[in-house]
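Note that the working numbering has the sequence shown beginning at 3, numbered continuously upward.
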Amino acid sequence: MVTRLSKFISLLSIILILISCKNDAQKRTVEIQNIEKKKQKTDFFNKKYFHGFLMSVDESTPAEHPFYSYLNCKEEGYFTIHFIPKNKNLISFWKNKYFEENKYEYDDLITENRIINQLLDGKYNLYNIFCFQITNKYLDYSNGCTEESINLKINAIADIYLYNPNTKQWDFQKKIKVDRLPPQADNKFFLDNFPSIITYVNEDKPKSNSTKSEIAINGENIFHIDNNKLIIREDLLNKINNNSNIDHGKDASLLNSYVLGLLSKRKAKEQLSFNDENLYKIIAYTINIVDPIYYKYFDEKDIFWGKYSFGDSRGGASLSEALVLSKLLSTQDLDNMILQFRKNNYYNLENLKVMLEKTSWFEP
């Protein structure tokens, strides 16, 4: 009788233990699911998180790919979004050619963001886009909540996500123990940790438009409309600036002629892809690059580039002056154009206002 009772008690104990384990497992499952749901709520592409693309960690540390960062010590924590190229040529471009072909001051974040945004626009499919997040529980912000003042706590963990363009969701990949703050500015971290995800485009395929050297420098490639939006290839404009010298002014002169050609078609009421707002912006970006070249070589040094000399004779003019001399824009057109420039703070272009002030018609 005692033996039978002991067996019954033992069996009951086992059943109770199993039930308890099952409940614990279910509880853990629910907790994990809740954690995952919480993770998935953050849309790292939300505009409120974006303050500009970067290509440098600091003055002495260039990045190998574009990224941007966001910090909120009480909510999302600290995260960085990294655009890792899928194409080896594109990897080489960002790592080796970007800074050669784009010259600006280290702290000129407006120009940096504008150039990178132009290069990435409409080409997210060429990149694996990762989010590297350190949640607030691993941040020590006792000295303040800035990228310079925060530190990592001991045994800090980073959550890594990969953007899924099909679902437009951020898919959780893994947790990684970290001992330094982001960003992971080189490609090695992502290539080492995600070898199965990082793939390369077949290098034997015909060259695509993924690098600047493969694009012809002309007005049609620099300015075009995509999805009703004006696209401006500032990288090509900068290349015109960098390539122009005493012996070579062809690209600048042809771009000058291209814009005047657009205005001629407008005056003749021919159909154009660009509306007036677009045309005025095209004029602004062209003046910003072309006019300084005109004044530096053609006007001040009397350099003559043959048929590529801002006209067929030494009587050429800067684009900003030619707008009036050519009579392609009326007084009202010019007023509307300048009003648009002012409303947009001259598009934050370095040379635009300075070049306009050299003309006989512009009034600041």
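For each residue, glycine too, the CB sits at the ideal point set by N, CA and C.
Boundaries of the beta strand (DSSP E) around Glu66: 63 to 74. Taking every protein chain shown into account, the CB of Ile227 has fewer than 16 other CB atoms within 10 angstroms, so this residue is exposed. Boundaries of the alpha helix (DSSP H) harbouring Asn119: 111 to 122, taken from the DSSP string.
Burial state of Phe101 is exposed, judged by a 10 Å Cβ sphere holding fewer than 16 other Cβ atoms.
Under the 8 angstroms Cβ criterion, the stretch 321 to 338 counts as touching the stretch 260 to 274, having at least three qualifying pairs. Shortest Cα-Cα distance from Thr361 to any of Leu336, Tyr349, Asn347, Ser58 involves Leu336. In the DSSP assignment, Lys90 falls within the alpha helix (DSSP H) that extends over 90 to 94. Asn230 counts as exposed, since fewer than 16 other C-beta atoms from the protein chains shown sit within 10 angstroms of its C-beta. For Thr63, the number of other beta carbons within 10 angstroms of its own is below 16, and it is reported as exposed. The stretch 90 to 97 makes no contact with the stretch 146 to 154; the number of CB pairs closer than 8 angstroms stays below 3. Sixteen is the threshold: when 16 or more other Cβ atoms of the shown chains lie within 10 Å of the Cβ of Ile118, as they do, the residue is buried. For Ser266, the three-state secondary structure derived from DSSP is helix.
When secondary structure is reduced to three states using DSSP, Ile86 falls in the strand class.
If you look at Asp161, you'll find it in the beta strand (DSSP E) that goes 159 to 166. DSSP links Tyr129 through a beta bridge to Pro87.
Contact between Tyr282 and Gln342 holds, with the beta-carbon distance rounding to 5 angstroms and staying under 8 angstroms. Nearest C-alpha to Gly79 among Gln135, Tyr165, Leu56: Gln135.
Asn104 is positioned such that its CB atom lies closer than 8 angstroms to that of Asp237.
DSSP places Ser58 within a strand segment (E or B) once states are collapsed to three. Look at Gly79 here: in three-state DSSP terms it is strand. Among the bridge pairs identified by DSSP, Lys177 is matched with Asp161. In the assembly as shown, Pro197 is an exposed residue. Its beta-carbon has fewer than 16 other beta-carbons within 10 Å. Between Val261 and Asn115, the alpha-carbon positions lie close to 26 angstroms from each other. Here DSSP, grouped into helix, strand and coil, assigns Gln273 to coil.
Measuring C-alpha to C-alpha distances from Ala160 to each of Tyr106, Ser58, Ser322, Phe81 identifies Phe81 as the nearest. Within the stretch 223 to 254, the complete beta strand (DSSP E) runs of at least 3 residues fall at 225 to 228, 231 to 234. In this structure, Ala324 keeps its C-beta atom at 8 angstroms or more from the C-beta atom of Val292. In this structure, the alpha-carbon of Gln175 lies about 14 angstroms from that of Leu193.
A residue is called buried when at least 16 other Cβ atoms come within 10 angstroms of its Cβ; Ser320 meets this threshold and is buried. For Ala270, the number of other beta carbons within 10 angstroms of its own is below 16, and it is reported as exposed. The C-alpha of Tyr126 lies about 24 angstroms from the C-alpha of Asp110.
When secondary structure is reduced to three states using DSSP, Leu193 falls in the helix class.
Closest by C-alpha distance to Gln334, out of Asp278, Leu358, Asn258, Asn350, is Asp278. Contact check for Pro87 against Leu128 passes: the beta carbons are separated by less than 8 angstroms.
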